[in-house]
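Novice: Numbering (the numbering used here), first residue to last: 317 to 810.
Beta carbons are placed, not taken as given, at the ideal position from N, Cα and C, and that holds for glycine.
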């Protein structure tokens, strides 16, 4: 059967189709030219419509900070399933719900058992409903006299910078979760227009932060049907197995490794070394109280030693050799093992299970404090909520458009795009000529009949970074025909 007849309807004879991407053409030679490029690509391209093909900062909802967030961590039993193979079965978890504006811990949930995955999803669902109930009763707006005066004289929206008008009504934007209890305090945020105000709603969403999301999420996916989601999940992934972000049932899972690609231990040490470390670790202080000082570090756990649920019932920690990291091949240090033993005894643990729950709470509390610290720094310097973006690269992208106010045109011509795409070269570190001969009087093979030539050797550092400082086209793309068009716009700041 002819694909053109199948896709073309009654007038199939007027068009021919690419069998790979189903794009239609009116001429056979145009199809052949398209096939030479389309056959080398692994994806089907989609182009924006003309008039809607510009990239610029329009997501003013990124200014809105999430009022509530939860941190989650899980542990698994590594049941042997063949030579050098293990089946990971979720055995325990810990989740901590925190209010953003004052870093108050609202809820700490931990659980151990064979049904931990189902119990964890039920807990997340309960926390989501709790957040929705909080947001259904927004705190009354309280302004200081200075803020009220500033709002009254405001003429432009503080977010989109557009002037207020009958269609762009001035609104007072405030934090719905911040209940003012002290004189002189305020929950007012900004004077914005009604259009920006609509985009600043996060009341039906709960952010769930997980360090190395793809591992923890793999054990929970089977239970997500319990979230009663009335829509399909939205997943951002770099491959079929590497999930970077997932939204389902009003819960947005974010991988903190996409923002801070380091071990939790090094991140904690970085926060401890910061100038504001005295104001940090509020979550850890609330969870452990007077014991928070001794928990101000990443603990150790014998992951590969836990091969069954019965191992959790052992009354003491295993020997130091059981804490060996099979992934890196490193043994735990004497200091780390001693810290594990001291922690086990200090909290009166009667089994490895009890130590596991303390270990989980410590990790989750530390991760929450690290992310609260980093989010605050990011928001104070850039003005955008970090957790709206799936990664630090996406955050940087939005910050660049916000602060430069750049407007970049996207291509709508497939042939133009493929031509440029096929011309991209990467990884080149030198430009060389295989053979070159100089012609100077000092040379033995000097030929006076030829023009004098010499060889100049250049050793350049940072060729790639130097190329990144060159001018880039940002709009008015067109095929060049003699005479050369001078209408192409360039910008060095992009």
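#1: Using alpha carbons as the reference points, say which of 717, 780, 519 and 404 lies closest to residue 447.
#2: Exposed or buried, residue 367, counting other C-beta atoms within 10 Å across all chains shown (16 or more means buried)?
#3: Could you check the C-alpha separation between residue 575 and residue 492 for me, to the nearest Å?
#4: Could you tell me which residues DSSP pairs with residue 344 in its beta bridges?
#5: Whole angstroms is fine: what's the gap from residue 473's alpha carbon to residue 659's?
#6: Are residue 394 and residue 531 closer than 8 Å when you measure CB to CB?
#7: Round the Cβ separation of residue 391 and residue 407 to the nearest angstrom and send it over; I've been treating them as touching at under 8 Å.
#8: Helix, strand or coil: which one does DSSP assign to residue 375?
#9: What does a CB cutoff of less than 6 Å around residue 689 pick up in its chain, not counting 5 residues either side in sequence?
#10: Quick one: give me the first and last residue of the alpha helix (DSSP H) that residue 449 is part of.
#11: Between 663, 667, 651 and 437, which lies nearest to residue 535 when the distance is taken from Cα to Cα?
#12: Quick check on the DSSP output: what are the complete alpha helix (DSSP H) runs of length 4 or more inside the stretch 521-564, in order along the chain?
#13: May I have the straight-line CA-CA distance separating residue 441 from residue 339, to the nearest angstrom?
#14: Give me the Cβ distance between residue 382 and residue 416, rounded to the nearest whole Å; I'm assuming they're in contact under 8 Å.
#15: Residue 598 and residue 410: beta carbons closer than 8 Å?
#16: Rounded to the nearest angstrom, what separates residue 784 and residue 450 at their Cα positions?
#17: Can you name the residues that DSSP bridges to residue 504?
#18: According to DSSP, is residue 641 part of a helix, a strand, or is it coil?
#19: Curious, which full-length beta strand (DSSP E) runs of at least 3 residues does the stretch 349-428 contain?
#20: Just checking, does the stretch 659-671 make contact with the stretch 624-633 on the three C-beta pairs under 8 Å criterion?
#21: Quick one: Cα of residue 686 to Cα of residue 524, how far?
#22: Per the contact definition of three or more C-beta pairs closer than 8 Å, is the stretch 504-512 in contact with the stretch 421-439?
#23: So, residue 387 versus residue 684, is the Cβ gap smaller than 8 Å?
#24: Determine the burial state of residue 423: buried for a count of at least 16 other Cβ atoms within 10 Å of its Cβ, exposed for fewer.
#25: When the Cα of residue 652 is compared with those of 664, 495 and 639, which residue comes out closest?
#26: Return the Cβ separation of residue 723 and residue 372 in integer angstroms, given the expectation that the two are a contact with Cβ distance under 8 Å.
#27: For residue 404, which option in 625, 332 and 456 has the closest C-alpha, if you only look at C-alpha atoms?
#28: Any idea if residue 514 is buried or exposed, counting beta-carbon neighbours within 10 angstroms, 16 or more meaning buried?
#29: Apply the 10 Å Cβ neighbour rule to residue 443 and answer buried if 16 or more other Cβ atoms are within range, or exposed otherwise.
#30: In chain order, what residues of the same chain lie with their CB nearer than 6 Å to the CB of residue 583, ignoring the 5 residues before and after it?
#31: Helix, strand or coil, according to DSSP, for residue 626 in the structure here?
#32: Count the other CB atoms, across all protein chains shown, that sit within 10 Å of the CB of residue 336; report buried if there are 16 or more and exposed otherwise.
#33: By the three-class DSSP mapping on this structure, what secondary structure does residue 847 have?
Specialist: Quick answer:
#1: By 1-based counting over the chain shown, the position of residue 447 is 131. Just measuring C-alpha positions, the residue of 717, 780, 519 and 404 sitting nearest residue 447 is 519.
#2: The residue you call residue 367 lines up with position 51 of the chain shown. Counting every other CB atom within 10 Å of its CB across the protein chains shown gives residue 367 a total below 16, marking it as exposed.
#3: Position 259 of the chain shown, counted from the first residue, corresponds to residue 575. Position 176 of the chain shown, counted from the first residue, corresponds to residue 492. Here the alpha carbon of residue 575 sits roughly 27 Å from the alpha carbon of residue 492.
#4: Position 28 of the chain shown holds residue 344. None, per the DSSP bridge assignment.
#5: Looking up residue 473 in the chain shown gives position 157. Looking up residue 659 in the chain shown gives position 343. Cα to Cα, the separation comes out at about 53 Å.
#6: Position 78 of the chain shown, counting from 1, holds the residue named residue 394. Position 215 of the chain shown, counting from 1, holds the residue named residue 531. For the 8 Å CB-CB criterion, residue 394 and residue 531 do not form a contact.
#7: Looking up residue 391 in the chain shown gives position 75. Looking up residue 407 in the chain shown gives position 91. About 6 Å; that satisfies the 8 Å criterion.
#8: Position 59 of the chain shown, counting from 1, holds the residue named residue 375. Note: residue 375 maps to coil in three-state DSSP.
#9: Here the question's residue 689 lines up with position 373 in the chain shown. For residue 689, where only same-chain residues beyond five positions count, the Cβ hits under 6 Å are 587 and 596.
#10: What you label residue 449 is simply residue 133 of the chain shown in a count that begins at 1. 432-452 is the span of the alpha helix (DSSP H), which, as asked, contains residue 449.
#11: As a working mapping, residue 535 is identified with position 219 in the chain shown. The option with the nearest alpha carbon to residue 535 is 437.
#12: As far as the stretch 521-564 is concerned, its whole alpha helix (DSSP H) runs of at least 4 residues are 529-534.
#13: If you number the chain shown from 1, residue 441 lands on position 125. If you number the chain shown from 1, residue 339 lands on position 23. Residue 441 and residue 339: Cα-Cα distance of roughly 44 Å.
#14: One-based indexing of the chain shown puts residue 382 at position 66. One-based indexing of the chain shown puts residue 416 at position 100. Rounded to whole angstroms, the Cβ separation of residue 382 and residue 416 is 6 Å, and the two are in contact under 8 Å.
#15: As a working note, residue 598 is residue 282 in the chain shown. As a working note, residue 410 is residue 94 in the chain shown. Their beta carbons are not under 8 Å apart, which means residue 598 does not touch residue 410 by this criterion.
#16: Reading the chain shown from its first residue, position 468 is the one you call residue 784. Reading the chain shown from its first residue, position 134 is the one you call residue 450. In a straight line, the C-alpha of residue 784 is about 48 Å away from that of residue 450.
#17: Position 188 of the chain shown, counted from the start, is the residue given in the question as residue 504. In the DSSP secondary-structure assignment, residue 504 is bridged to 490.
#18: Here the question's residue 641 lines up with position 325 in the chain shown. The answer is strand: DSSP assigns residue 641 an E or B state.
#19: The beta strand (DSSP E) runs of length 3 or more contained entirely in the stretch 349-428 are, from start to end of the chain, 384-396, 402-415 and 420-428.
#20: When Cβ pairs closer than 8 Å are counted between the two stretches, the stretch 659-671 is seen to touch the stretch 624-633, the count reaching three or more.
#21: Position 370 of the chain shown, counting from 1, holds the residue named residue 686. Position 208 of the chain shown, counting from 1, holds the residue named residue 524. It is roughly 14 Å from the alpha-carbon of residue 686 to the alpha-carbon of residue 524.
#22: No, because fewer than three Cβ pairs between the stretch 421-439 and the stretch 504-512 fall closer than 8 Å, the two stretches do not touch.
#23: The residue you call residue 387 lines up with position 71 of the chain shown. The residue you call residue 684 lines up with position 368 of the chain shown. In this structure, residue 684 lies closer than 8 Å to residue 387 by Cβ.
#24: Translated into positions along the chain shown, residue 423 becomes position 107. Under this definition residue 423 is an exposed residue.
#25: Residue numbering aside, residue 652 sits at position 336 when the chain shown is read from its first letter. Of the listed residues, the one whose Cα sits closest to residue 652 is 639.
#26: The sequence position of residue 723 within the chain shown is 407, counting from 1. The sequence position of residue 372 within the chain shown is 56, counting from 1. With a Cβ gap of about 4 Å, residue 723 and residue 372 count as contacting.
#27: Here the question's residue 404 lines up with position 88 in the chain shown. Nearest of 625, 332 and 456 to residue 404, Cα basis: 625.
#28: Start at 1 with the first residue of the chain shown, and residue 514 comes out as number 198. Under this definition residue 514 is an exposed residue.
#29: The residue labelled residue 443 in the question sits at position 127 within the chain shown. Buried: at least 16 other Cβ atoms inside 10 Å.
#30: The count along the chain shown starts at 1 and reaches residue 583 at position 267. Residues 576 and 686 of the same chain have their beta carbon placed closer than 6 Å to that of residue 583, with the five preceding and five following residues left out of the count.
#31: In the chain shown, residue 626 corresponds to position 310, counting from 1. The DSSP-derived three-state label of residue 626 is helix.
#32: Here residue 336 is taken as the residue at index 20 of the chain shown, counted from 1. In the assembly as shown, residue 336 is an exposed residue. Its beta-carbon has fewer than 16 other beta-carbons within 10 Å.
#33: Any answer about residue 847 is impossible in this case: the structure gives the chain only from 317 up to 810.
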